[in-house]
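K.L.:
The opening position of the sequence shown corresponds to residue 979 in our numbering, with each subsequent residue numbered one higher. Just so it is clear, CB atoms sit at the ideal spot from N, CA and C, and this is done for glycine as well.
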Amino acid sequence: MDTGSEGGNNRRGRFFDDLAGMAGGAFSVMAGLRAEVEAMAKSQVETMVQKLELVRREDLDAALEVARRAREESTALATRVAALEAKLAEAEAQQDKAAEEDRPGKPV
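(1) State the DSSP-derived secondary structure class of Glu-1031, mapped to helix, strand or coil.
(2) Can you tell me which of the three DSSP states Arg-1081 falls into?
(3) Alpha carbon to alpha carbon, what distance is there between Glu-1024 and Lys-1065?
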């Protein structure tokens, strides 16, 4: 009778071995499926990013820096233009005054 009991244990052991093998195979399939889903998701995200015309942070930071420098230069140039216009107006006023003083028939 012991032989029957050993046969039952052997069958149970083989059953659990088969079950473990199937579970291992299922995990392998799931791991492969996960990698495939991740690749598809990455591809879809890249496609959406291109359609939305999004930019990388580094590119945005570089563009913002260029804009900041351009604003600073524009402000400096506007200040210089204002100073030159003031000098020009002063020179024109002096020239007009000198021309009026040199005009003949000026009452003294």
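P.N.:
Looking at the atomic coordinates:
(1) coil
(2) coil
(3) 58 Å
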